[in-house]
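Positions 195 to 455 (UniProt numbering) are the ones given, in order, by the sequence shown.
Structure first, commentary second.
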Amino acid sequence: PELSPLISRIAQQNSIIAKQMDELKIEHEAREKMRREFTANVSHELKTPLTSISGFAEIMKGGLVKSEDIPRFSGYIYDEAQRLISLVGDIIKLSQLDDNELPVKKVRLDLYDACASVVASLKPAADAKGVRFVLSGEHAEIFGAEQIVDEIIHNLCDNAIKYNKDNGSVFVSVTKREGEVELSVSDTGIGIPKSEQTRVFERFYRVNKSNSKQLGGTGLGLSIVKHGAAYHNAKIILESVPDVGTTVKIVFKTETAKGQQ
Ligand code: ADP
Numbered sequence: 195p196e197l198s199p200l201i202s203r204i205a206q207q208n209s210i211i212a213k214q215m216d217e218l219k220i221e222h223e224a225r226e227k228m229r230r231e232f233t234a235n236v237s238h239e240l241k242t243p244l245t246s247i248s249g250f251a252e253i254m255k256g257g258l259v260k261s262e263d264i265p266r267f268s269g270y271i272y273d274e275a276q277r278l279i280s281l282v283g284d285i286i287k288l289s290q291l292d293d294n295e296l297p298v299k300k301v302r303l304d305l306y307d308a309c310a311s312v313v314a315s316l317k318p319a320a321d322a323k324g325v326r327f328v329l330s331g332e333h334a335e336i337f338g339a340e341q342i343v344d345e346i347i348h349n350l351c352d353n354a355i356k357y358n359k360d361n362g363s364v365f366v367s368v369t370k371r372e373g374e375v376e377l378s379v380s381d382t383g384i385g386i387p388k389s390e391q392t393r394v395f396e397r398f399y400r401v402n403k404s405n406s407k408q409l410g411g412t413g414l415g416l417s418i419v420k421h422g423a424a425y426h427n428a429k430i431i432l433e434s435v436p437d438v439g440t441t442v443k444i445v446f447k448t449e450t451a452k453g454q455q
């Protein structure tokens with residue numbers, strides 16, 4: 195008689211284990227599917243510029259290009275090679291973030307100073323588009339991996355300039371609040387439709403593929419932001435209205451900084 199409760203408990207536990215195994219299997223399959231899709235996407239994204247480079251080089255090799263057209267053809271080859279360099283660079287960054295194989299350590303760093311150096315480096319790109327690029331806020335320390343934090347700020351500002359309108363504005367700000375530090379990058383650009391707002395963080399997802407490519411995008415910028423924020427346990431908030439603009443906020447916790455010092 196004492197055996198029956200025991201048997202029913204074992205049966206209950208068995209069914210819990212079976213359920214957990216099913217869940218693990220589903221998770222494993224989803225991961226595998228993502229990996230397969232990523233490999234297929236990478237192959238496609240690499241093949242396109244390589245095919246162009248090979249095509250232009252072949253025409254030049256055959257002596258079919260007039261000497262005055264050589265700079266233009268070399269320019270095409272150069273642009274496609276630059277695209278490949280950005281793409282391979284972004285793929286490496288993403289895979290390092292994915293495998294937690296980071297070459298950088300977390301240190302105490304000033305988020306405002308990090309923004310100031312990104313703003314200075316992207317100023318020429320903003321000027322070229324007549325975009326006003328303004329940094330405001332206050333000095334605020336976070337505990338972070340310098341290279342990744344720079345990458346997050348750079349990718350957000352780069353998008354805010356790229357997807358802006360001519361003579362638009364980009365506002366970067368750092369705000370200290372109780373237990374958190376917020377980075378905000380806001381633009382007066384083309385905006386992102388509601389239905390695409392979660393998808394833009396997926397690898398290679400672009401709202402307008404040809405527009406992104408023309409602007410030198412790899413489709414990986416926001417995925418790097420997403421993984422970089424997760425690495426810092428930071429929250430991402432995206433607010434966007436088509437034709438009005440986009441704001442992306444990254445909220446870093448300062449408790450984590452204290453905890454890890
Ligand atoms: P990309 O290299 O194409 O810019 P991202 O991963 O950085 O790739 O962004 C994905 C897509 O999200 C972009 O192609 C663009 O369509 C959209 N997007 C990102 N940032 C903005 C922004 N600030 N304003 C409007 N659209 C944006």
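From the three backbone atoms N, C-alpha and C, an ideal C-beta is built for every residue, glycine too.
Here the structure is a predicted model, which means the values were calculated and not measured.
CB of alanine 320 within 8 Å of CB of isoleucine 355, strictly: Residue numbering aside, residue 320 sits at position 126 when the sequence shown is read from its first letter. Residue numbering aside, residue 355 sits at position 161 when the sequence shown is read from its first letter. It is a contact, given that the beta carbons lie within the stated cut-off.
Mind checking residue 458: buried by the 16 CB within 10 Å criterion, or exposed? Nothing can be reported for residue 458, as the shown portion of the chain is limited to 195 through 455.
Give the secondary structure of glycine 415 by DSSP, where H, G and I count as helix, E and B as strand, and everything else as coil. Position 221 of the sequence shown, counted from the first residue, corresponds to residue 415. Helix at glycine 415.
Burial state of glutamate 332 (16 or more Cβ within 10 Å): Residue 332 sits at position 138 when you count from the first residue of the sequence shown. Classification of glutamate 332: exposed, given that the 10 Å Cβ count is below 16.
With DSSP as the reference, label glutamate 332 as helix, strand or coil. Here the question's residue 332 lines up with position 138 in the sequence shown. Of the three classes helix, strand and coil, the one that applies to glutamate 332 here is coil, per DSSP.
What does a CB cutoff of less than 6 Å around glutamate 252 pick up in its chain, not counting 5 residues either side in sequence? The residue given as residue 252 occupies position 58 in the sequence shown. Result list for glutamate 252: empty, nothing under 6 Å.
Cβ-heavy atom distance between leucine 218 and ligand 1 below 7 Å? Along the sequence shown, read from residue 1 onward, the residue named residue 218 stands at position 24. No, ligand 1 has no heavy atom inside 7 Å of this Cβ.
Comparing alpha-carbon positions, which option in Thr369, Ala339 and Asp381 lies nearest alanine 424? Here residue 424 corresponds to residue number 230 of the sequence shown, with the count starting at 1. Among Thr369, Ala339 and Asp381, the Cα nearest to that of alanine 424 is on Ala339.
Apart from the five residues just before and just after isoleucine 384, which ones in its own chain have a Cβ nearer than 6 Å to its Cβ? The residue labelled residue 384 in the question sits at position 190 within the sequence shown. Within the same chain, isoleucine 384 has close Cβ partners Tyr357.
Specify, as a first and last residue, the run of the alpha helix (DSSP H) that lysine 213 falls within. In the sequence shown, residue 213 corresponds to position 19, counting from 1. First-last of the alpha helix (DSSP H) with lysine 213: 197-255.
For glutamine 455, the three-state DSSP class (helix, strand or coil): Here residue 455 corresponds to residue number 261 of the sequence shown, with the count starting at 1. Caution applies to glutamine 455, whose pLDDT of 40 falls short of 50 and renders its modelled position unreliable; the value that the coordinates give is listed next. Note: glutamine 455 maps to coil in three-state DSSP.
Classify valine 394 as buried or exposed, calling it buried when 16 or more other Cβ atoms lie within 10 Å of its own Cβ. Against the sequence shown, residue 394 aligns to sequence position 200. With 16 or more other Cβ atoms within 10 Å, it is buried.
As a quick exercise: from Gln408, Lys370 and Pro436, pick the residue whose alpha carbon is nearest that of threonine 448. Taking the sequence shown and counting its residues from 1, the one referred to as residue 448 is at position 254. Ranking Gln408, Lys370 and Pro436 by Cα distance to threonine 448 puts Lys370 first.
For the alpha helix (DSSP H) that contains arginine 266, what are its first and last residues? Within the sequence shown, residue 266 is the residue found at index 72, counting from 1. Its alpha helix (DSSP H) spans residues 264-292.
Output the distance between the C-alpha atoms of alanine 334 and aspartate 304, rounded to the nearest integer angstrom. As a working note, residue 334 is residue 140 in the sequence shown. As a working note, residue 304 is residue 110 in the sequence shown. Cα to Cα, the separation comes out at about 5 Å.
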